[in-house]
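Counting in the numbering used here, the sequence shown runs from 587 upward without gaps.
Backbone N, C-alpha and C fix where the C-beta goes; we use that ideal spot for every residue, glycine too.
Given the structure is predicted, the values throughout are model-derived calculations rather than measurements.
As structure tokens, the structure follows; a few thoughts come after it.
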Amino acid sequence: MSFHDLHLLGSSTVLQLIVSPRAYVYKGELGWDFRLICVKVLGKKDLAVALSPSKSVQKRRQVFLEDDDDDEIGHRNSRPRLSN
Numbered sequence: 587m588s589f590h591d592l593h594l595l596g597s598s599t600v601l602q603l604i605v606s607p608r609a610y611v612y613k614g615e616l617g618w619d620f621r622l623i624c625v626k627v628l629g630k631k632d633l634a635v636a637l638s639p640s641k642s643v644q645k646r647r648q649v650f651l652e653d654d655d656d657d658e659i660g661h662r663n664s665r666p667r668l669s670n
């Protein structure tokens, strides 16, 4: 199996990747890249654990601030209240 075929294993695959940094000079400037040394397939995660963390997060509801929270001087309170 080629490195380019790893995506065929699915998103629940657990991989061990060993990379090595490499510094080089191009047009007088220092640059970096990383070389892939070794790829080892360790196994697969349980599907319940393999879900993307961003997909399991509940989306926030929109919260609107009340504009009538001015104090006696006419300034806004330092801590805005959240409406229900």
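Consult DSSP for residue i and reduce its assignment to one of helix, strand or coil.
i             : result
aspartate 632 : coil
What does the alpha-carbon distance come out to for the pair residue i and residue j?
i             : j              : result
cysteine 624  : leucine 601    : 10 Å
arginine 621  : arginine 647   : 43 Å
serine 588    : glycine 596    : 15 Å
aspartate 591 : glutamate 652  : 55 Å
arginine 608  : valine 649     : 48 Å
lysine 613    : isoleucine 604 : 29 Å
serine 606    : glycine 617    : 14 Å
valine 611    : leucine 594    : 36 Å
glutamate 615 : aspartate 632  : 45 Å
Do residue i and residue j have their CB atoms nearer than 8 Å?
i          : j          : result
lysine 630 : serine 598 : yes
Could you tell me which residues DSSP pairs with residue i in its beta bridges?
i             : result
aspartate 619 : Arg608
leucine 601   : Val627
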